[in-house]
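Engineer: Numbering (the numbering used here), first residue to last: 17 to 377. There's a structure below that I have some questions on.
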């Protein structure tokens, strides 16, 4: 049946998220060594596609929780322009992110990173026997989170929550650790409470453009939400930093534009002002978890007691669901998106490094 695998994997997220937390707890001591003796000067997260967007969100989490400079860089940029990413003789912790652990560009990027003195390398994937593990000092595997579908859903949230759990535990912040453990149950509530309204929203044929706004840790989530809509439903979808949308992009807004806003406590007033302005252009407004007078739909995402960083995982799930329902309403099969496959083989030869392994999102 079309979409059956994707929907099953979306709905399985509460269970696999709990398993991801357990995996981190089981190897926490080994993971902590990557951050000690001495601590790294910087954290660089790298991957391709969804994994890169995951890195954007995780970088914000590491910066906030551990007070370490952290950033995400696409794997291809590390391969092509390594000197712009790494300084010689600096201690950088490089994290490779790949669902399969076989992503050609990510494996090659970690090999390039390892050639810089002082760098230490770790990785995360959904496979214990991943090729990426051979390039790293520590590999975190989440086998329960692996997927049959082409499009990443539970693998994305599981790897992100695993990195969030790791950062919370290393920080020693008990409040953060308690918040992390609430997330699987919150995701279960989000799936249960929003399926009907998201399916109805997806059925609206008058919407022809999707805009997803997010700032700070939510920007990576906005990017991932737009990618899901593009991959599964073949719709025009664009992510933007919330306040940057005023600087030119707002010109596209009309009655056919659905603007989805991922809320931020830091810019609550400015966000409301922007959404009111966009509503004045006839834009259709959807907010996640926080009501505003101009919102046509407020999705039921718990936000009380969770700050901008704590709630990134629950915020991505409704975006996955909307893309899934939109694809189904268009009689598309989200299990097998157009032009995409779970494994893409490419050859890479850069600075003496070569790789021809499979690449996944």
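Even glycine gets a Cβ: it sits at the ideal position worked out from N, Cα and C.
(1) Please report the straight-line C-alpha distance between residue 166 and residue 353, rounded to a whole angstrom.
(2) Please specify which runs of the alpha helix (DSSP H), each continuous and at least 4 residues long, are wholly inside the stretch 80-142, giving them in chain order.
(3) Hey, could you find the ends of the alpha helix (DSSP H) residue 219 is sitting in?
(4) Answer with buried or exposed for residue 20, where buried requires no fewer than 16 other C-beta atoms within 10 angstroms of its C-beta.
(5) Looking at the structure shown, is residue 65 part of a helix, part of a strand, or coil, going by DSSP?
(6) Just grab the DSSP bridge partners of residue 229 for me.
(7) Can you give me the C-alpha to C-alpha distance between residue 59 and residue 110, rounded to a whole angstrom?
(8) Which residue wins for smallest C-alpha separation from residue 215, given the options 25, 345 and 33?
(9) By the DSSP assignment, the beta strand (DSSP E) with residue 341 in it spans what residues?
(10) Taking three-plus beta-carbon pairs below 8 angstroms as touching, is the stretch 272-284 in contact with the stretch 96-104?
(11) With DSSP collapsed to three states, give me the class of residue 179.
(12) If you follow the alpha helix (DSSP H) that residue 49 is part of, which residue opens it and which one closes it?
(13) Find out if the Cβ-Cβ distance for the pair residue 334, residue 315 is shorter than 8 angstroms.
(14) Looking at the unbroken alpha helix (DSSP H) that takes in residue 315, where does it start and where does it end?
(15) Please say whether residue 117 and residue 148 have beta carbons closer to each other than 8 angstroms?
(16) What does a CB cutoff of less than 6 angstroms around residue 239 pick up in its chain, not counting 5 residues either side in sequence?
(17) Report all residues from its chain with a CB closer than 8 angstroms to the CB of residue 435; omit the five preceding and five following residues, and keep chain order.
(18) When DSSP builds the beta bridges, which residues end up paired with residue 304?
(19) Compute the Euclidean distance between the alpha carbons of residue 17 and residue 29, then round it to the nearest angstrom.
(20) Short check: CB of residue 378 to CB of residue 278, under 8 angstroms?
(21) Which value, in whole angstroms, describes the spacing of the CA atoms of residue 377 and residue 266?
(22) Under 8 angstroms: do the stretch 191-199 and the stretch 217-231 share three or more Cβ pairs, one atom per stretch?
(23) If you drop the 5 nearest sequence neighbours on each side, which residues of the same chain put their C-beta closer than 7 angstroms to that of residue 288?
(24) If you follow the alpha helix (DSSP H) that residue 243 is part of, which residue opens it and which one closes it?
(25) Please list, in chain order, all residues of the same chain as residue 102 whose beta carbon is under 7 angstroms from its beta carbon, the five residues on each side excluded.
(26) Once you ignore the five residues that flank residue 66 on each side, which residues in its own chain have a CB closer than 7 angstroms to its CB?
(27) Taking DSSP's pairing of strands, which residues face residue 155 in a bridge?
(28) Look at the Cβ atom of residue 90, then the Cβ atom of residue 62, and state whether they are nearer than 8 angstroms.
(29) Exposed or buried, what is residue 236 when buried is set at 16 or more other beta-carbons lying within 10 Å of its beta-carbon?
(30) Assign residue 370 to buried or exposed, taking buried as 16 or more other Cβ atoms, counted over all protein chains shown, within 10 Å of its Cβ.
(31) Quick check on residue 212: buried or exposed, where buried means 16 or more other Cβ atoms within 10 Å of its Cβ?
(32) Checking the sheet assignment: what are the DSSP bridge partners for residue 59?
Structural biologist: Short version:
(1) Position 150 of the chain shown, counting from 1, holds the residue named residue 166. Position 337 of the chain shown, counting from 1, holds the residue named residue 353. Each residue's alpha carbon lies about 7 angstroms from the other.
(2) Whole alpha helix (DSSP H) segments, 4+ residues: 91-96 and 120-130.
(3) Here residue 219 corresponds to residue number 203 of the chain shown, with the count starting at 1. Residue 219 -> no alpha helix (DSSP H), and no H or E assigned at all.
(4) On the chain shown, position 4 is the one that residue 20 refers to. So residue 20 ends up on the exposed side.
(5) Counted from its first residue, the chain shown places residue 65 at position 49. Assigned with DSSP and collapsed to three states, residue 65 falls in coil, not helix or strand.
(6) Within the chain shown, numbered from 1, the residue matching residue 229 stands at position 213. In DSSP, residue 229 forms a bridge with 256 and 277.
(7) In the chain shown, counting from the first residue as 1, residue 59 sits at position 43. In the chain shown, counting from the first residue as 1, residue 110 sits at position 94. Rounded to whole angstroms, residue 59 to residue 110 spans 6 angstroms at the Cα level.
(8) Here the question's residue 215 lines up with position 199 in the chain shown. Nearest option by C-alpha distance: 345.
(9) One-based indexing of the chain shown puts residue 341 at position 325. Run containing residue 341: none in the beta strand (DSSP E); it sits in the alpha helix (DSSP H), 328-345.
(10) With a cut-off of 8 angstroms, the stretch 96-104 and the stretch 272-284 do not count as touching, because too few Cβ pairs lie within range.
(11) Working through the chain shown from its first residue, we reach residue 179 at position 163. Reduced to three states, the DSSP call for residue 179 is helix.
(12) Indexing the chain shown from 1 puts residue 49 at position 33. Following the DSSP letters along the chain, one finds residue 49 inside the alpha helix (DSSP H) bounded by residues 44-49.
(13) The residue given as residue 334 occupies position 318 in the chain shown. The residue given as residue 315 occupies position 299 in the chain shown. Yes, the Cβ-Cβ distance between residue 334 and residue 315 is below 8 angstroms.
(14) Working through the chain shown from its first residue, we reach residue 315 at position 299. Unbroken run through residue 315 is the beta strand (DSSP E), 313-315; no alpha helix (DSSP H).
(15) Residue numbering aside, residue 148 sits at position 132 when the chain shown is read from its first letter. Residue numbering aside, residue 117 sits at position 101 when the chain shown is read from its first letter. Their beta carbons are under 8 angstroms apart, which means residue 148 touches residue 117 by this criterion.
(16) Position 223 of the chain shown holds residue 239. Counting only Cβ-Cβ distances below 6 angstroms, and skipping sequence neighbours, we find 69 and 255.
(17) Since the displayed the chain opens at 17 and closes at 377, residue 435 lies outside it and no answer follows.
(18) Counting from 1 along the chain shown, the entry for residue 304 is found at position 288. Under DSSP, residue 304 shares a beta bridge with 315.
(19) On the chain shown, position 1 is the one that residue 17 refers to. On the chain shown, position 13 is the one that residue 29 refers to. Looking at the two C-alpha atoms, the distance is approximately 20 angstroms.
(20) Missing from the structure shown is residue 378; the chain here goes from 17 to 377 and no further.
(21) Reading the chain shown from its first residue, position 361 is the one you call residue 377. Reading the chain shown from its first residue, position 250 is the one you call residue 266. A caution first: residue 377 carries a pLDDT of 44, below 50, which makes its placement in the model unreliable, though a value can still be read off. Between residue 377 and residue 266, the C-alpha separation is close to 29 angstroms.
(22) In this structure the stretch 191-199 does not lie against the stretch 217-231, because fewer than three pairs of beta carbons, one per stretch, are closer than 8 angstroms.
(23) Position 272 of the chain shown, counted from the start, is the residue given in the question as residue 288. 308, listed in sequence order.
(24) Locating residue 243 in the chain shown gives position 227, where the first residue counts as 1. Counting along the chain, the alpha helix (DSSP H) containing residue 243 begins and ends at 234-249.
(25) Position 86 of the chain shown, counting from 1, holds the residue named residue 102. For residue 102, where only same-chain residues beyond five positions count, the Cβ hits under 7 angstroms are 108, 129, 132 and 135.
(26) For the purposes of this step, residue 66 is taken as residue 50 along the chain shown, with counting starting at 1. Closer than 7 angstroms at the Cβ level, and outside the excluded window around residue 66, lie 168, 172, 240, 243 and 377.
(27) Locating residue 155 in the chain shown gives position 139, counting from the first residue. The bridge partners DSSP lists for residue 155 are 139.
(28) Counted from its first residue, the chain shown places residue 90 at position 74. Counted from its first residue, the chain shown places residue 62 at position 46. Yes, they are a contact pair.
(29) Taking the chain shown and counting its residues from 1, one reaches residue 236 at position 220. Residue 236 is buried by the Cβ-count criterion.
(30) Position 354 of the chain shown, counting from 1, holds the residue named residue 370. Annotation note: pLDDT 38 at residue 370 (below 50); position unreliable, coordinate value reported separately. Residue 370 comes out exposed.
(31) Reading the chain shown from its first residue, position 196 is the one you call residue 212. Flag for residue 212 reads exposed.
(32) What you label residue 59 is simply residue 43 of the chain shown in a count that begins at 1. Under DSSP, residue 59 forms a beta bridge with 86 and 109.
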